[in-house]
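Visitor: First, the structure itself, so that you have it in front of you.
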Amino acid sequence: MTRIPTLFFATAALFALIGMAWGIQMSASQDHALSPAHGHLNLIGFVAMAVFGGYYALNPLAAASRLAMVHYALTLAAVIVLIPGIVMALKGAGEALAKGGSVLALLSMALFLVAVLRHARGLVR
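Under the numbering used here, the first residue of the sequence shown carries the number 210, and numbering increases by one thereafter.
Have a look at this one:
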């Protein structure tokens, strides 16, 4: 397996562990106020990153492109900005980070679409 799938899978596993610990903490405290942030951490941080890693593992040509590393960095940035942004929004501290993180997440998924379409057609090496 090349570097990109490993980065996506390892980061996904790390985010899953953080999400699981956070879920346990919410359950133990009976405070689920931050569950939207927890859900987004699991969805984008674990599920989407694992799906992206799976795609790149199955498509070594796509994994070898510069686009793949940009995609990884953009997805990582989306999680790092979006999750604290949702927490801040839920606590009434403003929505700017949540909005910015949402845009980064959207761009990450759009970049994934570009990668899939470019490599499905064999347009780049």
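Idealized CB from N, CA, C, for every residue including glycine.
Taking the alpha helix (DSSP H) that G339 falls in, what are its first and last residues?
Guide: What the structure shows of the chain is the stretch from 210 to 334, and residue 339 is not part of that stretch, so it cannot be assessed.
Visitor: So what does DSSP say about H241, is it helix, strand or coil?
Guide: By one-based count along the sequence shown, residue 241 stands at place 32. Correct three-state label for H241: coil.
Visitor: Given a threshold of 16 other Cβ atoms within 10 Å of its Cβ, counted over all protein chains shown, does I233 qualify as buried or as exposed?
Guide: The sequence position of residue 233 within the sequence shown is 24, counting from 1. Its Cβ having fewer than 16 others within 10 Å, I233 is exposed.
Visitor: Sorted by chain position, which residues of the same chain lie with C-beta nearer than 6 Å to I227's C-beta, five sequence neighbours on each side aside?
Guide: Counted from its first residue, the sequence shown places residue 227 at position 18. So no residue of the chain qualifies.
Visitor: Just curious, the alpha helix (DSSP H) that F261 is in, first and last residue?
Guide: Position 52 of the sequence shown, counted from the first residue, corresponds to residue 261. It spans M258 to L267 - the alpha helix (DSSP H) in which F261 sits, taken as one unbroken run.
Visitor: Taking 6 Å as the limit between beta carbons, can you name the residues of its chain near N251, skipping five residues before and five after?
Guide: Within the sequence shown, residue 251 is the residue found at index 42, counting from 1. So the qualifying residues of the chain are G228.
Visitor: Just curious, the alpha helix (DSSP H) that F255 is in, first and last residue?
Guide: Walking along the sequence shown from the start, residue 255 turns up at place 46. From DSSP, F255 is part of no alpha helix (DSSP H); its letter is neither H nor E.
Visitor: Could you check what DSSP says for V333 in three-state terms: helix, strand or coil?
Guide: In the sequence shown, the residue the question calls residue 333 occupies position 124. Legend: pLDDT at V333 = 49, less than 50; position of this residue unreliable, no value from coordinates given.
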